[in-house]
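Everything on this sheet refers to the single structure shown next.
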Amino acid sequence: MAKPKVGILVRESLRKRILSDADLEKLKDIADVEINPEDRDFSDAEAAEFLKGMDGAFSSWNSGDLTPAILESAPGLKIWAYGAGTVKGKISEEAWEKDVVVTSAAPVIADDVAELTLGSITVGLRKVIPFSRAMSGGERRPDKTTARSLFRRTVGVVSASQVGQRVMRLLKPYETRTLLYDPFMPADRACEEFGAELVDLETMARESDVVTIHAPKLDATYHMWNETHFKLMQDDCIFVNTSRGDNIDESALIAELEKGRLFAFLDVTSPEPPVMDSPLRQLDNVILTPHCAGMQSYRIGARKVEEIRRCFAGEDQLFRVTRDMLDRLA
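And the structure:
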């Protein structure tokens, strides 16, 4: 029986960061593989020509969308293995109607985002950044009593998204009081699976030592954490956003940061990156990172190879995305 044909659209430099040689060999064991020979992304027309007659495709960041032209060029296409996060706006209506299997690496990336989130929380509570700056500035011994442990702190988690769920699981060993805002999460599941208490955003703002945002970017989540919530937050609260910049009212955050009341870790902003004269680049109580919480790692390639194997073996997918999921996904 002939092997299925799979095309890897990913440019060479990115492919080498997300697909190990070992996993590439695994893919070659189950499929005839064609690799993008260029260290550049294909145009839509080039992608359609490259995938001509293919049964599967491995795509990733900037590797192009699943277009009608690709479906015309590869009418037998069974799987679009997307080795990156959101597939919103990347899959044509024709592909959804044809029921091409679409998979995403968002759950894999969520592990990395949750890891950075937990690190930000602990670094913030322990005051690692202020202590380091004070000692580098000549202060002999900063007051250690201002640092706090995560143990039994109150942590507010906005959204039980894939990242939010992982963060709540990571918090469990610290016996935190976890407050969750998520209109889609039943209270009994929040309690039983995550040890979390469902609350409204105002309660979360008032009672949390830490607030971390994990909501998807939707019309309904635009500025969901706004001036009202920032003003309600406790002094010395740690604020983390690794979701999307538009989910918060950045000007309201800046107003509270300028008062010195909060400490923020922002992996995302609006716009992204911040304009050069943004106060976020100047304030001492903000740590900015360049939307790097989701790593480009070999875990992505390993999972995509497994997804492709499952597809051609007639097995269920691990991370399949369907059209009806788009309204609530990041």
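The numbering used here numbers the first residue of the sequence shown as 2 and each following residue consecutively.
The beta-carbon is built from N, C-alpha and C at its ideal position, and this holds for glycine as well.
Practice problem: Tell me the start and end of each unbroken beta strand (DSSP E) in the segment 258–296 that is at least 3 residues and wholly inside, in chain order. | Solution: Whole beta strand (DSSP E) segments, 3+ residues: 263–267, 287–289.
Quiz prompt | Alpha-carbon spacing of R245 relative to H224, whole angstroms | solution = A direct Cα-to-Cα measurement between R245 and H224 gives close to 10 Å.
Quiz item: For Q318, which residues from the same chain have a beta carbon less than 8 Å from its beta carbon, with the 5 sequence-adjacent residues on both sides left out?
Solution: Result list for Q318: V102, T104, E308, R311, C312, in chain order.
Practice problem: Kindly say whether C312, judged by its beta-carbon, lies nearer than 8 Å to any beta-carbon of chain C. | Solution: Within the model displayed, chain C is absent; a lone protein chain is all it includes.
Quiz prompt | Neighbour-count burial assignment, D278, 16 or more Cβ in a 10 Å radius | solution = The residue in question, D278, is exposed, as its Cβ has fewer than 16 Cβ neighbours within 10 Å.
Practice problem: Note down, one range per segment and in chain order, each alpha helix (DSSP H) of at least 4 residues found wholly within the segment 79–131. | Solution: DSSP runs (the alpha helix (DSSP H)) wholly in the segment 79–131: 94–99, 107–126.
Quiz prompt | Among E26, E35, E316, D42, nearest to V7 - alpha-carbon criterion | solution = Closest option to V7, Cα to Cα, is E35.
Quiz item: What is the residue span of the beta strand (DSSP E) that S60 lies within?
Solution: From DSSP, the beta strand (DSSP E) with S60 extends over 57–60.
Quiz item: Helix or strand or just coil, what does DSSP make of T179?
Solution: DSSP places T179 in strand when its eight states are reduced to three.
Practice problem: Can you say whether R16 is buried or exposed, counting buried as having 16 or more other CB atoms within 10 angstroms of its CB? | Solution: Classification of R16: buried, given that the 10 Å Cβ count is 16 or more.
Self-check item: Backbone secondary structure at D40 - three-state DSSP
Solution: D40 falls in the coil class under three-state DSSP.
Practice problem: Locate the alpha helix (DSSP H) running through A314, then write down its first and last residues. | Solution: Element bounds for A314: 299–314.
Quiz prompt | Exposed unless 16 or more other CB atoms sit within 10 angstroms - verdict on G125 | solution = Under the 10 Å beta carbon count, G125 is surrounded by 16 or more other beta carbons and is classified as buried.
Quiz prompt | Cβ shell of K339 (< 7 Å), same chain only, five flanking positions each side left out | solution = Here the chain has residues from 2 to 331 only, and residue 339 is not among them.
Quiz item: Which value, in whole angstroms, describes the spacing of the CA atoms of E193 and R153?
Solution: Rounded to the nearest whole angstrom, the C-alpha separation of E193 and R153 is 18 Å.
Quiz item: Taking the C-alpha atoms as reference points, what is the distance between E316 and Y83?
Solution: Taking the Cα positions, E316 is about 18 Å away from Y83.
Exercise. Confirm, please, whether the CB-CB distance from V109 to S61 is below 8 Å.
Key: Cβ distance not < 8 Å, so S61 and V109 don't count as in contact.
Self-check item: Reference T243, options D237, T213, E228, closest by Cα
Solution: Of the candidates D237, T213, E228, the one whose C-alpha sits nearest the C-alpha of T243 is T213.
Quiz item: So does the segment 291–301 actually touch the segment 106–123, counting three or more Cβ pairs closer than 8 Å?
Solution: The segment 291–301 and the segment 106–123 touch, with no fewer than 3 CB-CB distances between them shorter than 8 Å.
Quiz item: What number of angstroms, rounded off, separates the C-alpha of R329 from the C-alpha of E47?
Solution: Their Cα atoms are separated by approximately 32 Å.
Quiz item: Do the CB positions of Y175 and S160 come within less than 8 Å of each other?
Solution: For Y175 and S160, no; Cβs fall outside 8 Å.
Quiz item: Got a sec, what are the start and stop residues for the alpha helix (DSSP H) A188 sits in?
Solution: From DSSP, the alpha helix (DSSP H) with A188 extends over 188–195.
Exercise. Determine, using beta carbons only, whether Q166 and F195 come nearer to each other than 8 Å.
Key: Going by C-beta atoms, Q166 is nearer than 8 Å to F195.
Quiz item: Once you ignore the five residues that flank T229 on each side, which residues in its own chain have a CB closer than 6 Å to its CB?
Solution: Same-chain partners within the cutoff: there are none.
Exercise. Starting from the C-beta of L202, find all residues in its chain whose C-beta is less than 6 Å away, skip the five residues before and the five after it, and write them out in chain order.
Key: Contacts found: Y182, H230.
Practice problem: May I ask which residues mark the beginning and end of the beta strand (DSSP E) holding K6? | Solution: Here the beta strand (DSSP E) through K6 covers 6–9.
Quiz prompt | DSSP beta-bridge partners of R141 | solution = In the DSSP output, where bridge partners are listed per residue, R141 has none listed.
Quiz item: Hey, quick one: how far does the alpha helix (DSSP H) through I19 stretch, first residue to last?
Solution: Note, I19: alpha helix (DSSP H), 13–19.
Quiz item: Which residues mark the beginning and the end of the alpha helix (DSSP H) in which G165 is found?
Solution: From DSSP, the alpha helix (DSSP H) with G165 extends over 163–172.
Self-check item: T204 - DSSP class collapsed to helix/strand/coil
Solution: The answer is helix: DSSP assigns T204 an H, G or I state.
Practice problem: Could you tell me the distance, in whole angstroms, from the CA atom of V158 to the CA atom of A216? | Solution: Here the alpha carbon of V158 sits roughly 9 Å from the alpha carbon of A216.
Quiz item: Just checking, does the segment 85–101 make contact with the segment 56–72 on the three C-beta pairs under 8 Å criterion?
Solution: Short answer: they touch.
Self-check item: Distance between L281 and M55 (C-alpha atoms, nearest Å)
Solution: Spanning the alpha carbons of M55 and L281 requires a straight line of approximately 47 Å.
Quiz item: If you compare alpha carbons, which of D100, S93, T68 is closest to R321?
Solution: Ranked by Cα distance from R321, the first of D100, S93, T68 is D100.
Quiz item: Residue range of the beta strand (DSSP E) that T155 falls in?
Solution: 155–159 is the span of the beta strand (DSSP E), which, as asked, contains T155.
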